[in-house]
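Engineer: The structure is given below, and queries will be raised subsequently.
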Amino acid sequence: MSRTIRVLVGKPGLDGHDRGAKVIARAYRDAGMEVIYSGLHRTPEELARMAVEEDVDVVALSILSGAHATLLPKVVDCLKKEKGSDQLDVLILAGGIIPAEDVAFLKEHGIDEVFGPGTSTEEIVQYTRTHLKREIA
Amino acid sequence: MDVEEILEGIEAKKRTYLARAISLVEDGSPLGREVVARAFKSKKNAKVLGITGAPGVGKSTLVDGLIGKLRERGGSVGVIAVDPSSPFTGGAILGDRVRMRSRTLDEGVFFRSLATRGHLGGLSRHTAEVIVLMDAFGFDYIVVETVGVGQSEVDVMKYAHSVVVVLAPGLGDDIQAIKAGILEIGDVLCVNKADLPGAERTRKELEMMLGLKEFEGWKPPVVETIASSGEGLDRLLESVLQHQDYLVASGLLEKKVRESHHAVLVEYVKRETLDKIMEKAESDGTLDRILRDLVEGAGDPESGARALVEKYFGTTI
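If you're matching them up, the sequences are chains A and B in order.
Just so you know, we're using the numbering used here here: the first sequence kicks off at 23 and counts up by one.
Just so you know, we're using the numbering used here here: the second sequence kicks off at 13 and counts up by one.
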C-alpha cells in the first residue's frame, strides 16, 4: 500500500497573487495528493514550521514579487533548522515569475526545481511524483 | 525510525516526531499503530474541545481566536483541522491554515490538517489516534475542528469532551432548529457573524429550541461571537470551560471518556475482523464469486455474508 503524498503550497512574502498557487493546488489535488495551502503573506519561518507540522513530502513555493532570491533560500534554511538536519527529506519546488538567470542561484541554495510561466500542470505533477525524497511505498 | 525513537521524540516534545507519528497513523502503518498503543499509556489527559458546524460559518476563524485565548491563559494547544478528501481522486485541499494566522510560530501550539480519506461523520478515520498522540506530547488542550458538516455528521461528540456547534445567521428557519442531529450534540451553541442581519433571530430560535427540552444539570448556553474581530470569544471560552468544570464535578467526564474508548474499541474490532475478512475474500476470489451469484440472482446478501464469516472464522459468531 502506498501512502498519500502531502504537499504544502506556500506563498512567501508580500505577494498578493495566488491564482497560480490555487491552480497548482488544484492540480496536485486532482493527482490524488493532499495539499495544505498556507494562505498569503507567510514568512519563511512560518512556512518551515507548517512543513514540519504537516509532515509534507513537498514544499511548492509560489512567488511573483521578485523577492525570490531573498525569500526562497531563507525557507530552505528555516526548514533545515526546524528539522535539525542539513539533509532535507522534502522536495522543494518554486514557481512564478522567476527570471532564467536566477534559477542557478536558487538551485545552489536548496531549491530542487524551478517552474516558469507556461509550464503545464501535468509536467509539474509528473516531476513531483518522480523526484520525491521519501519512500512512498 | 523505530517505535522507541518516535516515542522518545514525542516525550522530548520534538514536533518533527509528533508530525511523523501522525503521518504513520494516517497511512495505517503497523509502526504507527504500535506507537499509538504505547503512547496511550503516557496520555496526560488533555481537555478535548470539538468545533463543528456547516461550511462557511467561521469555524476556522473561531478556532484561530480560541487558540489565542487559550494561550493567553497559559495553556498549550494541539489543533486538528479536518477537511474533505475528493471521493474521486482521494486528493484534498486542506485550507484551514489560511485562517490560522496568529499563532503559527507559537511554541505552545501544534497545528495539523487532516483529510477525511473517505471517512464519513465529519472527522478523519484516525482522529482518535491523533488525539492520543497529541495528548502524549503533553498539550493542555486539543481542539478538533470538523469538516463543514450538514445535519448528521456527529462523530466529534465521540472524542471531544465539550462540543461547540457554530451557526451563522440566515441558514435556516425554526424548523431547522428542532430537527434531530447536529444541534443536539452542542454543549455550547455559538452564533458567529453576530454582526450580520438575522443574528438576533437565530439566537432566539435556538433559545426557543432549548426551551422545549428539560435539561438536567447542563443547559447549553447560546453565545454570540464575531470571530473576525474577536468579539464574544472570551464569553465563548468561558462557557466551554464552565462545561468542562461541570463534566468533572458531575462525574460525566468519566462516562464520556469511557464512551470514547468504546467507540475506538469498536473501530479496532472492525479493523481486526471486518476489514480482514473483506481483504481476504477479495484476494482469494471469494468476494468475486459471491458478488457474481448476487448479480445472477443465484444468491442473497444474507447468506453471502454468513458464508464469508463462516469461511474465515470457522464459525458464525
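Positions of the beta carbon are idealized from the N, C-alpha and C atoms, including for glycine.
Smallest Cα separation from B/Gly40: which of A/Leu93, A/Val136, A/Arg25?
Structural biologist: Minimum Cα distance to B/Gly40 is reached at A/Arg25.
Engineer: Terminal residues of the continuous alpha helix (DSSP H) containing A/Lys161?
Structural biologist: This structure cannot speak to residue 161 of chain A, because chain A is shown only from 23 to 159.
Engineer: Identify, in the order they occur along the chain, each residue of the same chain with its Cβ nearer than 8 Å to the Cβ of B/Leu106, setting aside the five sequence neighbours on each side.
Structural biologist: Only Ala93, Asp95, Ser125, Leu126, Ala127 meet the Cβ criterion.
Engineer: Compare the C-beta of A/Arg25 against all C-beta atoms of chain B and say whether one is closer than 8 Å.
Structural biologist: It does: the Cβ of A/Arg25 has a partner Cβ on chain B nearer than 8 Å.
Engineer: CA-CA distance, A/Leu86 and A/Glu75?
Structural biologist: Going by the C-alpha atoms only, they are around 26 Å apart.
Engineer: Throw me the rounded Cβ distance for the B/Ile79 and B/Val178 pair, which I believe falls under 8 Å.
Structural biologist: Between B/Val178 and B/Ile79 the Cβ distance is about 15 Å, and since that is not below 8 Å, they are no contact.
Engineer: Which of the three DSSP states is assigned to A/Pro34 in this structure?
Structural biologist: If DSSP states are grouped into helix, strand and coil, A/Pro34 belongs with the strands.
Engineer: Going by the beta-carbon positions, is the gap between B/Ile197 and B/Val176 smaller than 8 Å?
Structural biologist: No, they are not a contact pair.
Engineer: Note down the Cα distance separating B/Lys71 from B/Met290, rounded to an integer number of angstroms.
Structural biologist: Going from the Cα of B/Lys71 to the Cα of B/Met290 covers about 37 Å.
Engineer: Would B/Phe100 be called buried (16 or more neighbouring beta carbons within 10 Å of its own) or exposed?
Structural biologist: Classification for B/Phe100: exposed.
Engineer: Using a C-beta to C-beta distance shorter than 8 Å, which residues of chain A count as neighbours of B/Thr158?
Structural biologist: In chain order: nothing, as chain A lies at least about 17 Å away.
Engineer: Return the CA-CA distance between B/Val276 and A/Met55, expressed in angstroms with no decimal places.
Structural biologist: Going from the Cα of B/Val276 to the Cα of A/Met55 covers about 27 Å.
Engineer: Can you give me the C-alpha to C-alpha distance between B/Ile154 and A/Val125, rounded to a whole angstrom?
Structural biologist: Whole-angstrom Cα-Cα distance: 42 Å.
Engineer: If you follow the alpha helix (DSSP H) that B/Ile18 is in, where does it begin and where does it stop?
Structural biologist: From DSSP, the alpha helix (DSSP H) with B/Ile18 extends over 15-23.
Engineer: If we require 3 or more residues per run, which beta strand (DSSP E) segments fall completely within the segment 74-153 of chain A?
Structural biologist: Listed in chain order, the complete beta strand (DSSP E) runs (minimum 3 residues) inside the segment 74-153 of chain A are 80-85, 113-118, 135-137.
Engineer: What are the uninterrupted segments assigned as alpha helix (DSSP H) that are 4 or more residues long and contained completely in the segment 85-151 of chain B, given in chain order?
Structural biologist: Counting only runs of 4 or more, we get 139-149.
Engineer: Rounded to the nearest angstrom, what separates B/Phe151 and B/His273 at their Cα positions?
Structural biologist: B/Phe151 and B/His273: Cα-Cα distance of roughly 19 Å.
Engineer: Excluding the 5 residues preceding and the 5 following A/Gly61 in the sequence, name in chain order all residues of the same chain whose CB lies nearer than 8 Å to its CB.
Structural biologist: So the qualifying residues of the chain are Lys33.
Engineer: Give the DSSP bridge partners of A/Arg48, in chain order.
Structural biologist: Answer is none; A/Arg48 lacks a bridge partner.
Engineer: Can you round the beta-carbon distance between B/Thr116 and A/Arg71 to whole angstroms, since I take them to be within the 8 Å contact cut?
Structural biologist: About 6 Å; that satisfies the 8 Å criterion.
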